[in-house]
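Below: one structure, written as structure tokens.
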Amino acid sequence: MASLTWTSAKPKRAGWYWWRGLDQDTELLILFVDEVGYFQWPDGASQEVGLTKGQWAGPLQPPEEA
Numbered sequence: 000m001a002s003l004t005w006t007s008a009k010p011k012r013a014g015w016y017w018w019r020g021l022d023q024d025t026e027l028l029i030l031f032v033d034e035v036g037y038f039q040w041p042d043g044a045s046q047e048v049g050l051t052k053g054q055w056a057g058p059l060q061p062p063e064e065a
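Sequential numbering of the sequence shown, starting at 0, is according to numbering that gives the first Met the number 0.
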């Protein structure tokens, strides 16, 4: 499995991504970015990826079979 690296580059394709805010107290989230570049916060609000401030890692790949 490839390792992930935090980057401020915004996701360019659909998938599941780790996200962390710029504030040290912000909890890490796993978010699904759709094909048009939107995701949904845990409170249900949706937002365009380009408007976020933080770092991304992904997309996450499904685990391999043993």
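C-beta atoms are modelled at their ideal positions from N, C-alpha and C, and glycine is treated no differently.
With H, G and I counted as helix, E and B as strand and the rest as coil, what does DSSP make of residue i?
i   : result
G20 : strand
V82 : Look at the range of the chain in this structure, 0 to 65, and you will see that residue 82 is not part of it.
W40 : coil
T6  : strand
Q54 : strand
Taking just the CA atoms, how far does residue j sit from residue i?
i   : j   : result
K9  : G53 : 9 Å
L59 : T51 : 19 Å
Given residue i, which residues of its chain have a CB within under 8 Å of its CB, disregarding the five upstream and five downstream residues?
i   : result
L27 : W17, W18 and R19
G14 : F31, V32, G57, P58 and L59
Leaving out five residues on either side along the sequence, give the residues of the same chain with a beta carbon under 6 Å from the beta carbon of residue i.
i   : result
A56 : L3, W5 and W17
Measuring alpha carbon to alpha carbon, tell me which of the options ends up nearest residue i.
i   : options               : result
P36 : L21, A65, D22 and V48 : The sequence given here has Gly at residue 36, not Pro. Ranking the options by Cα distance to G36, first place goes to V48.
K11 : Q23, F38 and T25      : F38
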